[in-house]
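Q: Below: one structure in structure tokens.
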Amino acid sequence: MLLRRLQLRNHRNYAHLDLTPGPGVNLFIGDNGQGKTNLLEAVAMLALSASPRTRRDNEVVGPVAAATRIEAEVESGGIVIELAIALTVEGDRARRVIEVDGVRRRAFDLPGHFRVTLFWPDDLGLIKGGPELRRRFLNQMLVQVEPGYARALAGLKRVLEQRNSQLKRMAAGDGGGDVLEAWNEELIRIGGEVSIARARAVQELEPVAARCHSEIASGERLEIEYLGPPANVAEAVHNSLAEDLRRGSTSIGPHHDDLRVLLDGREARAYGSQGQQRTAVVSLKLAEAALVAQRTGERPVLLLDDVLSELDGERRSALLRQVAGAGQVIITSVEAGPFPPELISSARVWTVSGGEISTCG
Amino acid sequence: MPQLPEPLERLIQELSRLPGIGPKTAQRLAFHLLRADRQRAESLALAIGDVKARIGYCERCYNIAEGSLCAICISTRRDASLLCVVESALDLLAVERTSEFNGLYFVLHGVISPIDGIGPDQLHMPQLFDRVRSEGVVEVIVATDADIEGEATAVYLQRALIPLGVTVTRPAHGLPVGGDLEYADELTLARAMAGRRSF
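Heads up: the sequence lines are chains R and H, in that order. With the first letter of the first sequence counted as 1, position 261 gets the number 260 in numbering that gives the first Met the number 0; the numbers rise by one all the way through. With the first letter of the second sequence counted as 1, position 64 gets the number 63 in numbering that gives the first Met the number 0; the numbers rise by one all the way through.
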């Protein structure tokens, strides 16, 4: 997987950018607030169709005009594809138009054409933070490798909106228990698609993540457990009716999924030190890239946003070992300090300043 | 902005209320009609008036009809034991064009959508159930869209109709005729594989 060319128009602080990254390591150095993360965000959007950073599309639209355009030429399996995302601000939202090779496609049809593994400071809270971070981790990986997953995820969101709306009508005395039954079936059907994909992915992730973690943390045993909906979903949905009516929301379904990460049998979230948790995060992210490569036969483009400076010792070395010879890698950093000289000498190095990127050797 | 004569202004405003017509297009259409010869413009006005005066909904199936029943419900050559439920009159036309179906229809004019306040009553479903009970229907084909609301509506109908003793079916998902297998989208292909038949 290769990003051959990236063009941005009015994306956050980039008025205009035309970038041709190299096939190996690309290092972008610049002070904070100059546009390093904005660059990676644009690349990630081409893989995920939406920004991994914000739910509000209009936030990425820069100040020059009421529209943004992200265009890229990517190469997958020897075939070159052109991808484009155009955003036009409409009130407090943005309209998104997606094109693959010049043909308009729906948002959930974009992922899978270009695949990335993104690792940025937000991910350092993957173990410690709320379950939504761990669901996002699974989703970002799965939309890129599992056919139909992005569509199922969009469908699940819609089913929940409709079912919750029906719950509120019923709670207000509008009747309609028979209509709710229909939404229950939809929830179980589409929720099943999502949770089967997640359960399978976790099974594939675990051995890779465990091997990686054990190497960094001298033999410490990492286990991941997928905490999905109960085995008998139909019964659980049925039994939760009173509670759902009271809250006006759906308490059973993959939108409450979580991952439990265990280190030597103990919950990492509660008992792990910050160092142990970070090792587990690095291991999970490396396992993610390995799973994408395994499933698709092609390494994803690795996007590392300023995480190396947050890591130390073995964790940093493990990541750098992975970076060397990992195909295309895009790294941002405030300084060149954390990188070994052999990496810098083989990398293409760029500087980022005020929404402009220039090459420096 | 310079003031346009009141009748022209009013025409622009009316046109811009139509779906898919913005203010610019409305202006262009209005000026086109202004330039067009009188007969052409009046014929358009008459056509609009006629549609509203003479076309309504079939009281049996809610298809568009000139009179109280639509052409399909009036026909004696249709098989009344087969009933096809569709979301819109346009979907009905699409099924009709196949010439593959010789039964009767029921047009919902929408799908179940709690967000929009649309439930079975708004879609005339009680009338549908009455028809199934009283008109000797043997099979109901639920041909709603394959999107989330269309599927939920199909599930609702299936659950409500089966106790009435009819067979409830759903059109198969499959490969487009003449389409290349390699270009089918993944979900369509997956469903086509899951729904495969033996020769």
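For each residue, glycine too, the CB sits at the ideal point set by N, CA and C.
#1: Which same chain residues, not among the five before or five after threonine 98/R, have their C-beta less than 6 Å away from its C-beta?
#2: I'd like to check one pair, tyrosine 225/R with arginine 197/R: are the Cβ atoms closer than 8 Å?
#3: I'd like the list of long-range same chain contacts for leucine 180/H, defined as Cβ closer than 8 Å, with 5 residues on each side in sequence excluded.
#4: I'd like to know whether the C-beta atoms of serine 80/H and valine 136/H end up nearer to each other than 8 Å.
#5: Give me the Cα-Cα distance between serine 239/R and proline 113/H, rounded to the nearest whole angstrom.
#6: Could you list which residues in chain H have their beta carbon closer than 8 Å to that of arginine 114/R, in chain order?
#7: Find the nearest neighbour of glutamate 8/H within the set Asn62/H, Leu33/H and Gly102/H, judged by alpha-carbon distance.
#8: With a threshold of 6 Å on Cβ separation, who are the neighbours of leucine 156/H within its own chain once the five nearest residues in sequence on each side are excluded?
#9: Kindly list, in the order they appear in chain H, the residues whose Cβ is closer than 8 Å to that of proline 146/R.
#10: For isoleucine 28/R, does the three-state DSSP call read helix, strand or coil?
#11: What first and last residue would you give for the alpha helix (DSSP H) that runs through leucine 28/H?
#12: Measuring only between beta-carbons, confirm whether glutamate 74/R sits less than 8 Å from chain H.
#13: Can you give me the start and stop residues for the alpha helix (DSSP H) that histidine 212/R sits inside?
#14: Within 10 angstroms of the Cβ of glutamate 58/H, are there 16 or more other Cβ atoms? Answer buried if so, exposed if not.
#15: Give the interface partners of serine 164/R over in chain H, defined as CB-CB distance under 8 Å, in chain order.
#16: Within this structure, are the beta carbons of cysteine 211/R and alanine 286/R separated by less than 8 Å?
#17: Go ahead and label histidine 123/H buried or exposed: buried means 16 or more other beta carbons lie within 10 angstroms of its beta carbon, across all protein chains shown.
#18: Judging by CA-CA distance, which residue of Leu47/R, Arg104/R and Gln202/R is the nearest neighbour of glutamine 143/R?
#19: Starting from leucine 159/R, follow the alpha helix (DSSP H) in both directions and report where the run begins and ends.
#20: Taking isoleucine 356/R as the reference, give the member of Leu159/R, Arg277/R, Ser272/R and Ile28/R with the closest Cα.
#21: For glycine 172/R, which residues in chain H fall below 7 Å Cβ to Cβ?
#22: Counting only Cβ pairs nearer than 9 Å, list the residues of chain R close to proline 119/H.
#23: Is it buried or exposed for cysteine 69/H, if we count other Cβ within 10 angstroms and need 16 for buried?
#24: Could you check what DSSP says for valine 144/R in three-state terms: helix, strand or coil?
#25: With H, G and I counted as helix, E and B as strand and the rest as coil, what does DSSP make of asparagine 57/R?
#26: Taking only beta carbons into account, state which residues of the segment 158-176 of chain H come closer than 8 Å to chain R, listed in chain order.
#27: Below 7 Å, is the gap between the Cβ of arginine 199/R and the nearest heavy atom of the ligand GDP?
#28: At a Cβ threshold of 8 Å, is tyrosine 155/H touching chain R?
#29: Examine chain H for any beta-carbon lying closer than 8 Å to the beta-carbon of alanine 65/R, and answer yes or no.
#30: With DSSP as the reference, please indicate the residues paired to serine 352/R in a beta bridge.
#31: Skipping 5 residues on each side, what residues in its chain have a beta carbon closer than 8 Å to that of valine 178/R?
#32: Can you give me the Cβ contacts of glycine 154/R inside the same chain, cut-off strictly under 6 Å, excluding the 5 residues immediately before and after it?
#33: Once DSSP output is grouped into helix, strand and coil, what is the label at glycine 274/R?
#34: Using a Cβ-Cβ cut-off of 8 Å, state whether glycine 101/R counts as contacting chain H.
#35: On a CA-only basis, which of Asp120/H, Glu138/H, Asp49/H and Arg76/H is nearest aspartate 173/R? Give me that one, please.
#36: Taking Cβ-Cβ distances shorter than 9 Å, what residues in chain R pair up with glutamate 99/H?
A: Checking against the coordinates, here is how it stands:
#1: Strictly speaking, residue 98/R in this sequence is glutamate, with threonine absent from that position. The residues are Ala83.
#2: Their beta carbons are under 8 Å apart, which means arginine 197/R touches tyrosine 225/R by this criterion.
#3: So the qualifying residues of the chain are Leu174 and Leu188.
#4: By the CB criterion at 8 Å, serine 80/H and valine 136/H fall inside the cutoff.
#5: The alpha-carbon atoms of serine 239/R and proline 113/H are separated by roughly 20 Å.
#6: Ordered by position in chain H, no residue passes the 8 Å Cβ test against arginine 114/R, which lies about 15 Å from the chain.
#7: Per the C-alpha coordinates, the member of Asn62/H, Leu33/H and Gly102/H positioned closest to glutamate 8/H is Leu33/H.
#8: Taking leucine 156/H as the centre and dropping the five residues before and after it, the same chain places the C-beta of Val141 closer than 6 Å to its C-beta, in chain order.
#9: Chain H residues near proline 146/R: Glu185, Leu186 and Ala189.
#10: DSSP, reduced to helix, strand and coil, places isoleucine 28/R within a strand of the structure shown.
#11: Unbroken alpha helix (DSSP H) run through leucine 28/H: 22-34.
#12: With respect to chain H, the C-beta atom of glutamate 74/R has no partner C-beta closer than 8 Å.
#13: For histidine 212/R, the enclosing alpha helix (DSSP H) covers residues 176-215.
#14: With fewer than 16 other Cβ atoms within 10 Å, it is exposed.
#15: The contacting residues are Pro113 and Ile114.
#16: Yes, these two residues count as a Cβ contact at 8 Å.
#17: Classification for histidine 123/H: buried.
#18: Checked all of Leu47/R, Arg104/R and Gln202/R; the closest Cα to glutamine 143/R is Leu47/R.
#19: Where leucine 159/R is concerned, the enclosing alpha helix (DSSP H) stretches over 148-170.
#20: Residue Ile28/R holds the alpha-carbon nearest to the alpha-carbon of isoleucine 356/R among Leu159/R, Arg277/R, Ser272/R and Ile28/R.
#21: Going along chain H, no residue has its Cβ under 7 Å from glycine 172/R, so there is no contact; the nearest lies around 14 Å.
#22: Those within 9 Å of proline 119/H in chain R are Gly175, Asp177 and Val178.
#23: By the neighbour-count rule (16 or more Cβ atoms within 10 Å), cysteine 69/H is buried.
#24: Helix at valine 144/R.
#25: Collapsing the DSSP output to three states places asparagine 57/R in a helix.
#26: Of all residues in the segment 158-176 of chain H, Arg158 and Ala159 have a Cβ within less than 8 Å of some Cβ in chain R.
#27: This structure lacks the ligand GDP, and indeed carries no ligand of any kind.
#28: With 8 Å as the cut-off, tyrosine 155/H counts as an interface residue toward chain R.
#29: No, because no Cβ of chain H sits closer than 8 Å to the Cβ of alanine 65/R.
#30: DSSP output for serine 352/R lists Glu355/R as bridge partner(s).
#31: Short of 8 Å from the beta carbon of valine 178/R, and not among the five residues preceding or following it, lie these beta carbons of its own chain, in chain order: Gln165.
#32: Hits under 6 Å: Ile189.
#33: In the structure shown, glycine 274/R sits in a helix (DSSP, three-state: H, G or I).
#34: Not closer than 8 Å to any Cβ of chain H, the Cβ of glycine 101/R fails to qualify, so no.
#35: It is Asp120/H whose Cα lies nearest to the Cα of aspartate 173/R.
#36: What glutamate 99/H touches in chain R: nothing, since even the nearest Cβ is about 28 Å away.
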